[in-house]
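Participant: This is the structure, below, for whatever I ask next.
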């Protein structure tokens with residue numbers, strides 16, 4: 001039995017707990033929140049007594065084996081490194097941290113401590129993603145992919161009324177690139193690996209946060225487009241184009257349907273297990289890595305490439321976070 005603690009008490013952590021409660025190998029035993037009352041309310045929902053408002057104290061608890069980190073992005077590094085240094089396995093929400101330098105420190109520390117560190121990127125751990133990968137050969141030589149996630153944020157209405165919430169606060173390593181662009185970038189990293197070069201552009205809002213952006217990633221014999229936005233909606237699906245057909249994927253963050261349209265006019269819909277909340281799959285993979293003691297695992301490669309691409313997008317578009325300066329010091 002893996003004894004789990006959570007950092008964060010928002011809706012993401014509730015979604016995560018839906019999956020945890022279905023699994024026999026893992027059980028929630030402790031909760032951390034800066035606000036002790038919020039922590040107690042969250043813990044009460046799941047019958048948990050241990051509540052901390054000091055995460056270093058929680059890290060020292062010998063009755064905790066693993067920690068799910070769902071704090072704001074700028075705190076992912078501090079929370080994760082503390083837990084790792086006290087010998088806890090860490091499943092950290094996406095994006096895994098603010099930059100590649102932070103990620104390298106985290107992965108090195110995890111290897112030294114002999115614990116598993118993994119990014120909680122729900123789309124690439126889902127049956128839909130594996131079905132996509134298993135059937136890519138059917139569309140022949142791949143030439144282009146268009147990966148997109150454009151969803152008008154309810155928080156944007158508040159932003160326009162002068163209320164700046166976390167998702168639109170660049171001081172917290174947030175913005176469209178980090179919040180939802182990360183789904184698309186990690187998707188491409190897992191699909192094609194590291195691109196030879198990229199070209200990026202962003203749309204900035206009044207407070208300097210990016211509200212939308214596009215990336216063209218070159219792989220020599222193929223090209224990928226990444227399109228993301230928190231200030232507009234898109235009704236178009238993700239697609240991968242091959243010389244024998246086109247694979248239509250609905251949708252990037254939660255893969256619900258995959259259809260292959262062949263050049264000869266035939267059509268095939270792939271069959272796989274579907275859930276509105278797919279976070280159980282990332283948790284299963286995390287548990288499996290712990291059971292097998294796989295500290296240096298394959299999922300880290302995609303997170304590294306994700307951070308490389310993200311860092312380059314930020315360099316090209318001028319997105320700077322306070323976390324970058326902290327690391328430089």
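In the UniProt record's numbering, the protein residues as written are 1 to 329. C-beta atoms are modelled at their ideal positions from N, C-alpha and C, and glycine is treated no differently. Source: prediction; values computed, not measured.
1. Spatial neighbours of residue 51 within its chain, please: CB distance less than 6 angstroms, with the 5 preceding and 5 following residues excluded, ordered by chain position.
2. Run the CB neighbour count on residue 128, radius 10 Å, all protein chains shown included, and call it buried at 16 or more, exposed below.
3. In the structure shown, what three-state DSSP assignment does residue 150 receive?
4. Taking C-alpha atoms, which residue in 201, 287, 248 and 160 lies nearest to residue 408?
5. Can you tell me whether residue 313 is helix, strand or coil according to DSSP?
6. From residue 179 to residue 72, what does the alpha carbon distance come to, in whole angstroms?
7. Mapping DSSP to helix, strand and coil, what is residue 269?
8. With distance defined between alpha-carbon atoms, name the residue in 277, 94 and 18 nearest to residue 74.
9. Please name the residue, chosen from 314, 133 and 207, that lies closest to residue 162 on a Cα-to-Cα basis.
10. Run through DSSP, which three-state label would residue 121 get?
11. At 4 residues or longer, what runs of the alpha helix (DSSP H) sit wholly inside the UniProt domain "GFO/IDH/MocA-like oxidoreductase" (138-246)?
12. Pick helix, strand or coil for residue 89, following the three-state DSSP scheme.
13. How about residue 274 and residue 248: are their beta carbons less than 9 angstroms apart?
14. The beta strand (DSSP E) with residue 3 in it runs from where to where?
15. Buried or exposed: which applies to residue 62, given that a residue is buried once 16 or more other Cβ atoms fall within 10 Å of its Cβ?
16. Taking the Cβ atom as the reference point for each residue, do residue 100 and residue 222 lie within a distance shorter than 9 angstroms?
17. Report the partner residues of residue 259 according to the DSSP bridge assignment.
18. Ordered along the chain, which non-local residues of its own chain (more than five positions away) have a Cβ less than 6 angstroms from that of residue 125?
19. Would you list the residues sitting across from residue 50 in a DSSP beta bridge?
20. Would you tell me roughly how many angstroms separate the C-alpha atoms of residue 77 and residue 116, rounded to the nearest one?
21. By the 10 Å Cβ neighbour count, where 16 or more other Cβ atoms means buried, how is residue 243 classified, buried or exposed?
22. Apply the 10 Å Cβ neighbour rule to residue 152 and answer buried if 16 or more other Cβ atoms are within range, or exposed otherwise.
23. Would you kindly work out how many angstroms separate the C-alpha atoms of residue 219 and residue 194, rounded to a whole number?
24. Please report the residue range of the beta strand (DSSP E) in which residue 68 lies.
25. Over the uninterrupted alpha helix (DSSP H) stretch that includes residue 20, give me the two end residues.
26. Go ahead and label residue 170 buried or exposed: buried means 16 or more other beta carbons lie within 10 angstroms of its beta carbon, across all protein chains shown.
27. My guess is that residue 118 and residue 299 are in contact by the Cβ rule of under 8 angstroms, so how many angstroms apart are they, rounded?
28. Under the rule that 16 or more other beta-carbon atoms within 10 Å means buried, what is residue 182, buried or exposed?
29. I need the straight-line Cα distance from residue 191 to residue 145, nearest angstrom please.
Facilitator: So, from the listed chains and residues:
1. For this step, residue 51 is matched to residue 51 along the chain shown. The residues are 31, 39, 40 and 43.
2. Mapped onto the chain shown, residue 128 falls at position 128. With 16 or more other Cβ atoms within 10 Å, it is buried.
3. In the chain shown, residue 150 corresponds to position 150, counting from 1. Residue 150 falls in the strand class under three-state DSSP.
4. Examination of residue 408 is not possible in this model, given that the chain is present from 1 through 329 alone.
5. Residue numbering aside, residue 313 sits at position 313 when the chain shown is read from its first letter. Looking at residue 313 - three-state DSSP - the assignment turns out to be helix.
6. As a working note, residue 179 is residue 179 in the chain shown. As a working note, residue 72 is residue 72 in the chain shown. Cα to Cα, residue 179 sits roughly 10 angstroms from residue 72.
7. For the purposes of this step, residue 269 is taken as residue 269 along the chain shown, with counting starting at 1. Residue 269 falls in the strand class under three-state DSSP.
8. Position 74 of the chain shown, counting from 1, holds the residue named residue 74. The residue with the shortest Cα to Cα distance from residue 74 is 94.
9. Taking the first residue of the chain shown as position 1, residue 162 is located at position 162. The shortest Cα separation from residue 162 among 314, 133 and 207 belongs to 207.
10. For the purposes of this step, residue 121 is taken as the residue at position 121 of the chain shown. Residue 121: coil per DSSP, three-state reduction.
11. 154-160 and 182-192
12. Your numbering for residue 89 matches position 89 in the chain shown. Residue 89 falls in the strand class under three-state DSSP.
13. Position 274 of the chain shown holds residue 274. Position 248 of the chain shown holds residue 248. Not a contact, by the Cβ cut-off of 9 angstroms.
14. The residue you call residue 3 lines up with position 3 of the chain shown. Its beta strand (DSSP E) spans residues 2-7.
15. Along the chain shown, one-based indexing puts residue 62 at 62. So residue 62 ends up on the exposed side.
16. Residue mapping note: residue 100 aligns to position 100 of the chain shown, counting from 1. Residue mapping note: residue 222 aligns to position 222 of the chain shown, counting from 1. No, these two residues do not count as a Cβ contact at 9 angstroms.
17. As a first step, residue 259 is located in the chain shown; it is residue number 259 there, counting from the start. BP columns for residue 259 point to 248 and 269.
18. Residue 125 sits at position 125 when you count from the first residue of the chain shown. Taken in chain order, the residues that qualify are 281, 282 and 285.
19. Taking the first residue of the chain shown as position 1, residue 50 is located at position 50. DSSP lists 30 as partners of residue 50.
20. Against the chain shown, residue 77 aligns to sequence position 77. Against the chain shown, residue 116 aligns to sequence position 116. If I take the Cα positions, the gap works out to 15 angstroms.
21. Taking the first residue of the chain shown as position 1, residue 243 is located at position 243. Classification of residue 243: exposed, given that the 10 Å Cβ count is below 16.
22. Along the chain shown, one-based indexing puts residue 152 at 152. Its Cβ having fewer than 16 others within 10 Å, residue 152 is exposed.
23. As a position in the chain shown, residue 219 is number 219, starting the count at 1. As a position in the chain shown, residue 194 is number 194, starting the count at 1. Each residue's alpha carbon lies about 8 angstroms from the other.
24. As a first step, residue 68 must be located in the chain shown, where it is residue number 68. Start and end: 66-69.
25. What you label residue 20 is simply residue 20 of the chain shown in a count that begins at 1. Here the alpha helix (DSSP H) through residue 20 covers 11-20.
26. Residue 170 sits at position 170 when you count from the first residue of the chain shown. By the neighbour-count rule (16 or more Cβ atoms within 10 Å), residue 170 is buried.
27. The count along the chain shown starts at 1 and reaches residue 118 at position 118. The count along the chain shown starts at 1 and reaches residue 299 at position 299. Indeed, because the Cβ distance is near 6 angstroms, the residues count as touching under 8 angstroms.
28. Taking the first residue of the chain shown as 1, we reach residue 182 at position 182. That one is buried.
29. For the purposes of this step, residue 191 is taken as the residue at position 191 of the chain shown. For the purposes of this step, residue 145 is taken as the residue at position 145 of the chain shown. Cα to Cα, residue 191 sits roughly 10 angstroms from residue 145.
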